[in-house]
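In this note's numbering, the protein residues as written are 45 to 1131. All residues carry an ideal CB built from backbone N, CA and C; glycine is no exception. Owing to the predicted nature of the structure, the values given are computational and were not obtained by experimental measurement. For reference, the structure discussed in these notes is given below.
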Amino acid sequence: MTEPERQEHHGHHSDWLTRVTAVFVDSKLAPLFILAAVLTGVLAVWATPSEEEPQILVPMIDIHVTMPGATPKEIENRVVTPMERILWEVPGVEYVYSTAGAGQAMTVVRFKVGENMEKSLVAAYTKLYQHLDWIPPGCFRPILKPHSIDDVPVLVAALWGGPYDARQLRVMANAVSEEVRRIPGVAETTVTGGRKRTVMVEPAPDRLRAQGLDMVSVVDAIGLQNKGQTIGDAFQSGKAVSIRLDNFFRTQKELSRAVVAVKNGRPVYLADVATIRDGFDEPADYVFFLPGHGLVKDGQAPGAAYPAVTLAIAKRAGENATKIADEALKRIKGLRGYVLPADVNLTVTRDYGETAKAKVDELLEHLILAAVTVGGVVALFLGLRASLVVMVAVPVTLAITLATYWLMGYTLNRVTLFALIFCIGILVDDPIVDVENIVRHLGLPGSRGKKLSDVIVEAVSEVRAPLVLATFTVIAAIAPMAYVGGLMGPYMRPMPVGASVAMLFSMLVAFCITPWTAKRALRPEPPGSGDAKPHGDIPDDVGTRAYLWLMDRLLKRPAWRWGFLGLVGLLFVGACSLFPAKRVLVKMLPFDNKSEFSVVVDMPRGTTLEETTAVCRELAAVVLKRPDVTEATLFAGTAAPMTFNGLIRHYYLRSGQNEAEIAVNLLPKSERSVQSHPIAKEVRQALSPIAAKYGAKIKVVELPPGPPVIQTLVAEIYGPTDQGRLAVARQVRDIMKKTPDVVDVDWYVDDPRPERVIRVERDKAQAAGIDPDRALSDVTASIAGTVAGLLHDELAREDAPIVVRLPLKDRADARDMGSIAVRGEGDRMVSLGQIASIREHVEPSQIYHKNLLPVIYVTGDVAGREESPIYAMNKVNATLEKIGKEGKGAWQTVSKAQLPILWTSMPEQTADYSMKWDGEWQITYEVFRDMGIAFAVVMVLIYILTVGWFGSYTTPLAIMAPIPLSLIGIIPAHALAGAFFTATSMIGFIAGAGIVVRNSIILVDFIEMRRGQGETLERAVEEAGAVRFRPMLLTAISVVGGAFVILFDPIFQGLAISLMAGEVAATIFSRMVVPVMYYLDARRTAR
């Protein structure tokens, strides 16, 4: 660009900006704008719903299908495979997971992030019911159950202790549940634990035989006599009278008088052949509350187990979690003495409303602290009056950004608030550069005698043009991150959205507010005697003199210049080498510091509920020895209240006698010195020997800081045959168990469990005059029990089913099944063993599919030094490769080659065995892939913007050169802090690119301006770093101060490190690299 072109270029950009600044420096609208912005921000804070996690719209539908008696293999072929094919056709479906079990199938359809729940549900329902002809005979219609993040309860309270048994506690919980449901905004309440009221009818086998009856006779008799119906109207004395049949059993006494047979003209009553109890059924689950050291009262011991019932309360979508939880808790406490006795304990085991409020309050404090820090930095360097200008601009911009979040439907959560803190680091540049230049101009000799307004307009206009460009380059750097897909998208989107809005309004504030505030806050000061420099604005201090001395040699001596650039390159390579050297580990997100975690327990299949409970109590007692554990709640045979993790992993379906979960609560993080992850690791280590003693598999499950996955490490095994997949999966499982830092290894293969298979011999049954279906019903009622109806107690809040089943002593031994009586023609009684064969078998394992392909999952977690899945995966891969070379791979029955290992995509076919890595790795890959693409787009956009502004194809290269140099600070800083390089670290690096480019633009624009004023190239280049270093330094210190408040947050630590270290490194290096690169480019162009 020639000198005349350069002058014209600057004049063109400055004229209209000068006019705009001149209008607002004395505008009466400015104070109104400030007031309106602040009030709008306050309104937004008050009106925006607050919650801990961001709203994630991921429609997920569980589809349950029952086909009684079918084996898992038949379920796979008859139900799962055809249903999957139909569901795969539904638009928006991303994953289809299926499980084929004995007599039942479950398919989970997960749609892409952002799909509408109602539309997704209607689409899946319509597609299934358009093709009902796929349902085979004997199979029931599908039941669809949609799930979303709003199913996760925001409040869980436990009722325990006092002189109350499990049934009484459940009655109380149901009464409380009815009251809570009336609160506007409450979506669903769930009562877990306690004993449901059940009327047990337990026929005595000998008395049944004596009367010629079987179990079906009793069930049918109860069902036929427990009837009621409105019949219609009859007329009496000219008026209509309603006729209603009321033959319901309402009391145990009425039920005992039910007639089950007539013998010799005399009725046989139910009480004659059965024992009737109005109580509860045999336990199907247990829930115990175990208080820790902080909750024990007089007469209680830490770790003692008390029967408990939990009440879980979920909110509707878009409701304020804090408000709902507060109102629910207030309503529950208000029921004391009315529904809840005074001597029953009420403990809140989960309050996401309180944690959301605490997080919001904490982050708002950090927000204020960050803003004050920025103001303090400006006050330290430029004076208190100058800091007032910044202290007005920053809150106004943040207030408008908060209002934007509110209007766009975002909630106040940890992500949006961190985005605001992140915004401070990038939006302070506008007011800082403005006010610094105003202060500098006020000190120039040429400003003496000028009106303050004129000086402000002149100073702001000088830097406003490059800052407009810099604003759009920062937006260009941040905005592409909004397009990160998958489950991480909703976690990341508030940052680019908020930051882009903040930058735009920061520019608007710089036009409208900063000149007005500066005129009222600043006072012109006469320049000192030492200010008479050629341009009156080059600082005269040791640092500047050293800089000018060094720059003089870098510009005039090629050896110095190329040696300096070579040193910078060497530092860059050295910093990047910390990744392969494992001095800095890469992980999607670090571990959070939550106040809860859970221990998921799987006993060997066939373990009784009582044994599972006893083992879990022993495990819980060990956990409760820790002083930082406040309480634990044990759920055996039933699922704990859902968490976001449990929603994705489907823990809410756990109901086997061998399945349990211990929900552990910790002291608030402000009251303990150890974070939750080290506690979880210590708990795992303490529990492992106990679990091994009983053959139990345990998983210590922490709440993830980001989107949950099935497990941290997931190896998916595909292949042509069931047995082959099993062999490969077993080999992978054994390798993972021996791999360092891999814990909680498990696989989706059921343990062998004996089963007895009854097969009715049709010829023998027909000869005895017995319908095989009746024999099946007799066995079902004898062993599992059959619901014959309800006891119609009008005052009961829960159904009281009438269950007919043999007493425990008559069915305790599975070998006695052959003696079950079946009634044939002519009241002939036949033992089941006479008409059926009973054989011992091994119960088949469930079969799993993913996206229409059969699969076996091998899972694990990571704990140790290298707590990132990628390193454990590489170790497993290396072991598999070694086994393959030795010819010992289980997959080598099909192919002698190495096992194909897929990283990012599923196999296209299953003719060969293969393994795909999933779990946290899949999200890590998607996030870093999308962010890598975003960064590439960022570079292109910045290049295009700077080319358009400076009218050169090569000058932008000098401007963008310092971008990678920020890694010289970022990577070593992660190593020094012992922190993972995470997705938030990458966000900090990309966002830092925008800040670095701003500094570069300020430097290059100053050089262009000086050259336009007739300065030599060398002199202009040297002066740029001297004059513009102070605003660059102020911005860097402000970014560091703003980011410091989140440095110790476990999730956003990587973001803070990247912003702080990257900004420091880029500021130091760009002060010299950018002028040198510009100098080389300008010399080349001049030739």
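(1) Can you find a C-beta in chain B that's less than 8 Å from the C-beta of lysine 403?
(2) Beta strand (DSSP E) containing alanine 278: first to last residue?
(3) Do glutamine 890 and threonine 115 have their C-beta atoms within less than 8 Å of each other?
(4) Is the Cβ-Cβ distance between valine 1065 and tyrosine 1122 less than 8 Å?
(5) Which residues mark the beginning and the end of the alpha helix (DSSP H) in which aspartate 778 is found?
(6) Which first and last residues belong to the beta strand (DSSP E) in which isoleucine 814 is found?
(7) Taking the straight line between their C-alpha atoms, what separation do you get for methionine 244 and alanine 202?
(8) I need the straight-line Cα distance from glutamate 232 to valine 166, nearest angstrom please.
(9) With 16 other CB atoms within 10 Å as the buried threshold, where does phenylalanine 279 fall?
(10) Could you pull out every residue in the same chain whose Cβ sits closer than 6 Å to the Cβ of leucine 566, ignoring the five residues on either side in sequence?
(11) Skipping 5 residues on each side, what residues in its chain have a beta carbon closer than 8 Å to that of proline 207?
(12) I'd like to check one pair, valine 981 with proline 764: are the Cβ atoms closer than 8 Å?
(13) Tell me which residue opens and which closes the alpha helix (DSSP H) that tyrosine 454 is part of.
(14) Within the present structure, is the beta-carbon of leucine 87 separated from the nearest heavy atom of the ligand SAM by less than 7 Å?
(15) Where does the unbroken alpha helix (DSSP H) through lysine 359 begin, and where does it stop?
(16) What are the boundary residues of the beta strand (DSSP E) that arginine 241 is part of?
(17) Could I get the ranges of all uninterrupted alpha helix (DSSP H) runs contained in the segment 637 to 677, with 4 residues as the minimum, in chain order?
(18) Just tell me which of Trp965, Asp106, Pro712 and Val303 has its CA closest to the CA of tyrosine 915.
(19) I need the DSSP call for aspartate 1125, collapsed to helix, strand or coil.
(20) Can you tell me which of Ile1090, Thr824, Met950 and Glu640 puts its alpha carbon nearest to the alpha carbon of valine 263?
(21) How is valine 507 classed by DSSP in three states: helix, strand or coil?
(22) Which runs of the alpha helix (DSSP H), 4 residues or longer, sit entirely within the segment 430 to 497?
(23) Less than 6 Å between C-beta atoms, sequence neighbours within five positions excluded: which residues of the same chain meet that for leucine 1099?
(24) I need the boundaries of the alpha helix (DSSP H) containing threonine 115, first residue and last residue.
(25) Confirm, please, whether the CB-CB distance from isoleucine 1046 to methionine 632 is below 8 Å.
(26) With C-beta atoms as the reference, is threonine 1026 less than 8 Å away from leucine 1077?
(27) May I ask you to report which of helix, strand or coil DSSP gives threonine 399?
(28) Ignore the nearest five residues each way along the sequence and tell me which others in aspartate 837's own chain have a CB closer than 7 Å to its CB.
(29) With respect to the beta strand (DSSP E) encompassing glycine 147, which residues constitute its N-terminal and C-terminal limits?
(30) Residues in the same chain with beta-carbon distance under 6 Å from methionine 595, minus the five sequence neighbours each way, listed in chain order, please.
(31) Hey, quick one: how far does the beta strand (DSSP E) through glutamate 760 stretch, first residue to last?
(32) Give me the Cα-Cα distance between glycine 931 and isoleucine 988, rounded to the nearest whole angstrom.
(33) Cutting at 7 Å between CB atoms, please list the residues of its own chain near valine 235, excluding the five before and the five after it.
(34) Out of curiosity, what's the CA-to-CA distance linking proline 648 and arginine 693?
(35) Does the segment 310 to 328 come close enough to the segment 163 to 181 to have 3 or more Cβ pairs within less than 8 Å?
(36) Going by DSSP in three states, tyrosine 139 sits in which element: helix, strand or coil?
Taking the definition as stated:
(1) In the displayed structure, chain B is absent; only one protein chain is listed.
(2) By one-based count along the sequence shown, residue 278 stands at place 234. Residues 271 to 280.
(3) The residue given as residue 890 occupies position 846 in the sequence shown. The residue given as residue 115 occupies position 71 in the sequence shown. No, these two residues do not count as a Cβ contact at 8 Å.
(4) What you label residue 1065 is simply residue 1021 of the sequence shown in a count that begins at 1. What you label residue 1122 is simply residue 1078 of the sequence shown in a count that begins at 1. Taking 8 Å as the cut-off, the Cβ atoms of valine 1065 and tyrosine 1122 count as close.
(5) Along the sequence shown, one-based indexing puts residue 778 at 734. Residues 766 to 782.
(6) Position 770 of the sequence shown, counting from 1, holds the residue named residue 814. Counting along the chain, isoleucine 814 sits inside no beta strand (DSSP E), nor does DSSP assign it H or E at all.
(7) In the sequence shown, counting from the first residue as 1, residue 244 sits at position 200. In the sequence shown, counting from the first residue as 1, residue 202 sits at position 158. Per the coordinates, the alpha-carbon of methionine 244 lies some 28 Å from the alpha-carbon of alanine 202.
(8) One-based indexing of the sequence shown puts residue 232 at position 188. One-based indexing of the sequence shown puts residue 166 at position 122. When rounded, the separation of the alpha-carbon atoms in glutamate 232 and valine 166 is 21 Å.
(9) Translated into the one-based positions of the sequence shown, residue 279 becomes position 235. So phenylalanine 279 counts as exposed.
(10) Numbered from 1 along the sequence shown, position 522 holds the residue referred to as residue 566. Taken in chain order, the residues that qualify are Arg429.
(11) Sequence index remark: in the sequence shown, residue 207 carries index 163 (1-based). Result list for proline 207: Asp387, in chain order.
(12) Walking along the sequence shown from the start, residue 764 turns up at place 720. Walking along the sequence shown from the start, residue 981 turns up at place 937. Contact flag unset, no.
(13) As a first step, residue 454 must be located in the sequence shown, where it is residue number 410. Unbroken run through tyrosine 454: none, as it is neither H nor E.
(14) The ligand SAM is not among the ligands present in this structure, which contains no ligands whatsoever.
(15) To locate residue 359, count along the sequence shown from 1; it is residue 315. Unbroken run through lysine 359 is the beta strand (DSSP E), 350 to 359; no alpha helix (DSSP H).
(16) As a working note, residue 241 is residue 197 in the sequence shown. The continuous beta strand (DSSP E) containing arginine 241 extends over residues 241 to 247.
(17) Here the runs fully enclosed are 653 to 667.
(18) Counting from one through the sequence shown, the residue named residue 915 turns up at place 871. Closest by alpha carbon: Trp965.
(19) In the sequence shown, the residue the question calls residue 1125 occupies position 1081. Of the three classes helix, strand and coil, the one that applies to aspartate 1125 here is helix, per DSSP.
(20) For this step, residue 263 is matched to residue 219 along the sequence shown. Among Ile1090, Thr824, Met950 and Glu640, the Cα nearest to that of valine 263 belongs to Thr824.
(21) By one-based count along the sequence shown, residue 507 stands at place 463. Note: valine 507 maps to helix in three-state DSSP.
(22) As far as the segment 430 to 497 is concerned, its whole alpha helix (DSSP H) runs of at least 4 residues are 458 to 471 and 473 to 486.
(23) To locate residue 1099, count along the sequence shown from 1; it is residue 1055. Closer than 6 Å at Cβ, skipping near neighbours: Thr1028, Ile1031 and Gly1032.
(24) Numbered from 1 along the sequence shown, position 71 holds the residue referred to as residue 115. Run containing threonine 115: none; DSSP gives neither H nor E here.
(25) Numbered from 1 along the sequence shown, position 588 holds the residue referred to as residue 632. Numbered from 1 along the sequence shown, position 1002 holds the residue referred to as residue 1046. Contact: no.
(26) Here residue 1026 refers to the residue found at position 982 of the sequence shown. Here residue 1077 refers to the residue found at position 1033 of the sequence shown. Not in contact: threonine 1026 and leucine 1077 (Cβ atoms no closer than 8 Å).
(27) Counted from its first residue, the sequence shown places residue 399 at position 355. In the three-state DSSP reduction, threonine 399 falls in the helix class (H, G or I).
(28) Numbered from 1 along the sequence shown, position 793 holds the residue referred to as residue 837. Excluding positions up to five away in sequence, the list reads Arg294 and Ala844.
(29) By one-based count along the sequence shown, residue 147 stands at place 103. Unbroken run through glycine 147: none, as it is neither H nor E.
(30) Locating residue 595 in the sequence shown gives position 551, where the first residue counts as 1. So the qualifying residues of the chain are Glu1066.
(31) The sequence position of residue 760 within the sequence shown is 716, counting from 1. That run of the beta strand (DSSP E) goes 757 to 762.
(32) Within the sequence shown, residue 931 is the residue found at index 887, counting from 1. Within the sequence shown, residue 988 is the residue found at index 944, counting from 1. Roughly 55 Å between the two C-alpha positions.
(33) Mapped onto the sequence shown, residue 235 falls at position 191. Closer than 7 Å at Cβ, skipping near neighbours: Arg214, Ala217, Asn218, Ser221, Val353 and Leu355.
(34) Here the question's residue 648 lines up with position 604 in the sequence shown. Here the question's residue 693 lines up with position 649 in the sequence shown. Distance between the alpha carbons of proline 648 and arginine 693: 20 Å.
(35) Per the Cβ contact rule, the segment 310 to 328 is not in contact with the segment 163 to 181 (fewer than 3 Cβ pairs under 8 Å).
(36) By one-based count along the sequence shown, residue 139 stands at place 95. Here tyrosine 139 sits in strand by DSSP.
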